[in-house]
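According to the numbering used here, the sequence shown holds residues 206 to 274 in order.
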Amino acid sequence: MHTWPESGVVILDVFVCNRRSDNSASAHQVLNQLLDEFKPSRCQVQEVPRIAQNCAFFCFKMPQRDFLH
Numbered sequence: 206m207h208t209w210p211e212s213g214v215v216i217l218d219v220f221v222c223n224r225r226s227d228n229s230a231s232a233h234q235v236l237n238q239l240l241d242e243f244k245p246s247r248c249q250v251q252e253v254p255r256i257a258q259n260c261a262f263f264c265f266k267m268p269q270r271d272f273l274h
């Protein structure tokens with residue numbers, strides 16, 4: 206987890222790796238739980254497939270401020 210409280214930004218890296226099965230559904234479940242808990246005003250999701258692993262990267266902007274203006 207990477208946070209910038211002064212900008213209201215949180216970046217999360219979620220890795221779910223298993224060489225025998227696809228666990229991307231678990232990563233999406235984690236994302237949905239985080240979104241339900243934090244209720245960000247904006248969310249950007251980038252999924253990064255890995256060789257022999259299933260991983261995802263999630264980044265969302267917290268609702269307090271929008272520093273992109």
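Each residue gets a CB set at the ideal place from its N, CA and C atoms; glycine is no exception.
Identify which residue in the options has its Cα closest to the Cα of residue i.
{"i": "V253", "options": "T208, H233, H207, V214", "result": "H233"}
Compute the Euclidean distance between the alpha carbons of residue i and residue j, then round it to the nearest angstrom.
{"i": "E242", "j": "V214", "result": "15 Å"}
{"i": "R225", "j": "P210", "result": "38 Å"}
{"i": "S229", "j": "C222", "result": "9 Å"}
Grab me the residues of residue i's own chain with a C-beta within less than 6 Å of its C-beta, minus the 5 sequence neighbours each way, in chain order.
{"i": "T208", "result": "V215"}
Rounded C-beta distance between residue i and residue j? I'm assuming under 8 Å.
{"i": "L239", "j": "V250", "result": "So it is not a contact: roughly 11 Å between Cβ atoms."}
Whose C-beta lies closer than 8 Å to the C-beta of residue i among residues of the same chain, with five residues either side of it excluded?
{"i": "S231", "result": "V221"}
Once you ignore the five residues that flank residue i on each side, which residues in its own chain have a CB closer than 7 Å to its CB?
{"i": "M206", "result": "V215, L217"}
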